[in-house]
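Working notes for the structure below.
Number of protein chains: 2
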Amino acid sequence: MERSIGIGLLGAGTVGGTLVSRLIGEVDAIAAKTGLTFDVRKVGVRNLDRDRPFQVTEGLLTDRLVEVIEDPTVELVVEVMGGLDPAGDLILAALDAGKPVVSANKELIAARGPELIAAAERSGVPLLFEAAVGGAIPIIRPLSETLAGEKIDRVVGIVNGTTNFILTKMSEHGTTYIDALGQAQDLGYAEPDPTADVSGEDAAAKAAILASLAFGTWVGIGDVYYEGIEEVTAVDISFAAEFGYAVKLVGVCERTDAGVNARVHPAMIPVEHPLASIRGATNAIFIEGPAIDSLLFAGPGAGGDPTATAVLGDMIDAARETLAGAQVAPRIRFSPGEIIDFSDISTEWYMRLLVDDKPGVLGKIATGFGDAGVSIRSVWQEGGELEASLIVVTHPAAERAQREALSSLRAIDEVIDVGSVIRVLGDGK
Amino acid sequence: MERSIGIGLLGAGTVGGTLVSRLIGEVDAIAAKTGLTFDVRKVGVRNLDRDRPFQVTEGLLTDRLVEVIEDPTVELVVEVMGGLDPAGDLILAALDAGKPVVSANKELIAARGPELIAAAERSGVPLLFEAAVGGAIPIIRPLSETLAGEKIDRVVGIVNGTTNFILTKMSEHGTTYIDALGQAQDLGYAEPDPTADVSGEDAAAKAAILASLAFGTWVGIGDVYYEGIEEVTAVDISFAAEFGYAVKLVGVCERTDAGVNARVHPAMIPVEHPLASIRGATNAIFIEGPAIDSLLFAGPGAGGDPTATAVLGDMIDAARETLAGAQVAPRIRFSPGEIIDFSDISTEWYMRLLVDDKPGVLGKIATGFGDAGVSIRSVWQEGGELEASLIVVTHPAAERAQREALSSLRAIDEVIDVGSVIRVLGDGK
């Protein structure tokens, strides 16, 4: 007994094209496993001349996007166009019309999650977004269902494949940042304009979603401090390796008694930590809680095929719930909670300074840290002719104090340059 | 708006006790995140004198197990007693009475899965068993939902923590099997009677469930070939390490054009494979498919707390679906399919032989392999005074042919003993 579900597709780029061709090519396999077939009834694209994937029959295409929602034969709306507008209002309209929605749009969920989730709840239809974080890695559903009964303390994720590819190249081949970025662009891992990836903005949207689901307190994209990998050098990565660390761009979501926090920044991760060995464009997410200890999920974090798998899984799930004919309750509820400002979070810093190799300079630097209330864990100096590289690793202190120390170091005459600042991933305790 | 769900608990051992204390201790956190509270209305134990966890109020306990099902205030049955009987008939009765069931019982699901799933489908209620494989690692739901649209080719899992603990000890400290087993028993990782773990039987039940969900063709426990780690020696593990392999007890579930297969045996895994670095009692599951490439899930595979987290996640999910008030469709459908006998599967063997160090012996051995149609990949000989250890690694050949070669080797006079046979984990292609 098979049931056909009418699909309205918003967006026909890489993911949309892959999805449509798989719905056609794997129709029998999907039907055998789920009892469902998916019938694409309408495909909305922004530009009919440009965004036309070969797989779509002429009559199905429209650039009047709202037609996709309004088509009475569309029972399920799949949004793979990305961006805030017009995706957000279209999804809202679909939910208000009582149509379940599957979206791969991390930016939108991180920006307008509560509003969209509330609309889904009002209409009693599912809004699913497994593909928004970690590509094909099942993480949204595990966090909101399997682990709903766990008091998760921390989630640390490598959730941007582009930057992990670049950092891996820099680490394994000593490639410069610029050359590694060029290679990532040549291979299609990075966009011609790589800003969203390398600045940490993409990862910040994902960290916001992970934190919200893990802690049950909504963390919006605006709550997430982020910095990217543009300042990380092969020299830092090489120093990190000597000290037993790998450098990764991580999203860190933490819960303490005071509240929750999410942030994205390059971090030095002990080589024995499972995240340290995640190479190339792979994504990985590490979840810690009192009962589960720690769980690791890893896999391809992007690309048409993995993302289409995640979207398809959501489509099957949404269809199954909808066909049950009931008002479905949301999978997770969000309660108000305190979001801690990053400057109040305790961090450990690795800092590389270029200094004049003169007597007394180390004393001045130590005083700068001490005055800010930051205590130094270790110092390592490599002398040049006249200048020396000074590596300082601090003990944990409030991010605010670390920054204060940094400012005072910059004011010291003998400090020629502060090359890099990379936070050390602590044990989260 | 909170809704209280009446729970009937079957079994009050480690998992049941942990679950009840968490339902009490974390009631507010669970309610905030899910809108649900769970109220234990009946706890069934086999022996009132023996199986009495301290947390349960006197009036709730019964040794008339069917009362747990029949109690009209019980809306959801949670089975954590384990074993085939009486758990199987009790679950069947609960499902037939239209009560959703959450079970952690891998043995039962692997033995009577289709019958129980059919009963759940008839009544339109969920039967969930996330805790049956991999403890707190979300794997059942990802396989049956998130990855429902993926044509999974292979699942390889380290799904028994006891044996992985033992093999890790043997590998890292050169401990003998017997000593490592003793340590596992002292630490509570192994039962006083460790047979189910060390024989591979426990892993076989889990492999049956993984294969069934991954491929959509039911693979029962009786379809799974298994062998354990009793014959693995520290010497083999040390040889394996020299050749770039780690020795792990794995469940391998494969799909080929001819059908599906699931099996459990010790395997040599290339050290660069993610499963090779899974240490101690940790479980890990590696999933391969054309679109996802590969996904890795790792975490604590057993223990009261992780298992209780998985059970709790299922309880929340089942309650949510049930409260929607609809007949729920099963998450996955099973289609008839060919199950390939293990003897027809292509395997690669590592074999360690003790031979008389005489001229011509290698020729006889090579002939034995050749006559069986098995081609040798590499031979390595370490001479003693009169006897030599001979390590042979074969190219892939049908398991049947490998066994035939083994028989013929045993018939050679100069072959004193066949110390070990360990299969090499190939690339699944």
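These protein sequence lines map, in sequence, to chains A and B. Just so you know, the first sequence maps onto residues 610 to 1038 in our numbering. Just so you know, the second sequence maps onto residues 610 to 1038 in our numbering. Beta carbons are placed, not taken as given, at the ideal position from N, Cα and C, and that holds for glycine. Here the structure is a predicted model, which is why all the values come from computation and not from measurement.
- One Cα belongs to residue 834 of chain B, the other to residue 818 of chain B, and the distance between them is close to 14 Å.
- Judged by pairs of C-beta atoms under 8 Å, the segment 844 to 864 of chain B touches the segment 807 to 827 of chain B, as three or more such pairs exist.
- Counted as a single uninterrupted DSSP element, the beta strand (DSSP E) harbouring residue 651 of chain A occupies residues 645 to 653.
- The C-alpha of residue 958 of chain B is placed about 7 Å away from the C-alpha of residue 1011 of chain B.
- If you draw a straight line from the Cα of residue 617 of chain B to the Cα of residue 853 of chain B, it is about 51 Å long.
- Taking C-beta atoms under 8 Å as the contact rule, residue 890 of chain B and residue 774 of chain B qualify, at a distance of about 5 Å.
- The shortest CA-to-CA distance from residue 994 of chain B to any of B:867, B:941, B:964 and B:1009 is the one to B:964.
- Beyond the five residues adjoining it in sequence on each side, residue 944 of chain A comes within less than 8 Å, by CB distance, of 825 and 826 in the same chain, given in chain order.
- Within 8 Å of the CB of residue 751 of chain B, the CB atoms of chain A belong to 747, 750 and 751, in sequence order along the chain.
- Residue pairing by DSSP places residue 1003 of chain A opposite A:985 in a beta bridge.
- The continuous beta strand (DSSP E) containing residue 906 of chain A extends over residues 902 to 909.
- Counting only the Cα atoms, residue 768 of chain B lies some 29 Å from residue 653 of chain B.
- Of all residues in the segment 751 to 785 of chain B, the ones placed with a Cβ closer than 8 Å to any Cβ belonging to chain A are 751, 754, 755, 756, 757, 758, 759 and 760, in chain order.
- The continuous beta strand (DSSP E) containing residue 1024 of chain A extends over residues 1024 to 1033.
- In the assembly as shown, residue 692 of chain B is an exposed residue. Its beta-carbon has fewer than 16 other beta-carbons within 10 Å.
- If the five residues before and after residue 669 of chain A are omitted, its C-beta is found closer than 8 Å to the C-beta atoms of 649, 650, 651 and 652, all from its own chain and listed in chain order.
- Of the candidates A:985, A:979, A:1034 and A:974, the residue whose Cα lies closest to the Cα of residue 1019 of chain A is A:974.
- If you draw a 10 Å sphere on the C-beta of residue 908 of chain A, you find 16 or more other C-beta atoms in it, and that means buried.
- Separation of residue 667 of chain A and residue 749 of chain B (C-alpha to C-alpha, rounded to the nearest whole angstrom) is 40 Å.
- Nearest CB-CB separation between residue 637 of chain A and chain B: not below the 8 Å threshold.
- The beta carbons of residue 705 of chain A and residue 727 of chain A sit no closer together than 8 Å.
- Note: residue 879 of chain B is bridge-paired with B:854 in the DSSP secondary-structure output.
- In this chain, the beta strand (DSSP E) harbouring residue 960 of chain A covers 955 to 965.
- Secondary-structure assignment with DSSP links residue 773 of chain B through no beta bridge to anything.
- By the Cβ rule, the segment 635 to 646 of chain B counts as touching the segment 754 to 768 of chain A, because three or more pairs are nearer than 8 Å.
- A check of alpha carbon separations from residue 992 of chain B across B:1007, B:967, B:714 and B:1015 identifies B:967 as the nearest.
- Between the C-alpha atoms of residue 723 of chain B and residue 803 of chain A there is a straight-line separation of about 50 Å.
- Only those residues of the segment 919 to 939 of chain A whose C-beta falls short of 7 Å from the nearest C-beta of chain B are listed: 919, 921, 922, 925, 926, 929, 932, 933, 934, 935, 936, 937 and 938.
- Of the residues A:911, A:896 and A:910, the one whose Cα lies closest to the Cα of residue 904 of chain A is A:896.
- Listed in chain order, the non-local C-beta contacts of residue 906 of chain A below 6 Å within the same chain comprise 746, 748 and 894, local neighbours out to five positions each way being set aside.
- Contact between residue 814 of chain A and residue 716 of chain A holds, with the beta-carbon distance rounding to 5 Å and staying under 8 Å.
- Residue pairing of residue 714 of chain A in beta bridges, as defined by DSSP: absent, with no partner found.
- At least one CB of chain A lies nearer than 8 Å to the CB of residue 642 of chain B.
- Here residue 864 of chain B carries a strand assignment [DSSP, helix/strand/coil].
- Shown here, residue 871 of chain B sits in a strand according to DSSP, grouped into three states.
- Straight-line measurement puts the Cα of residue 689 of chain A at about 6 Å from the Cα of residue 625 of chain A.
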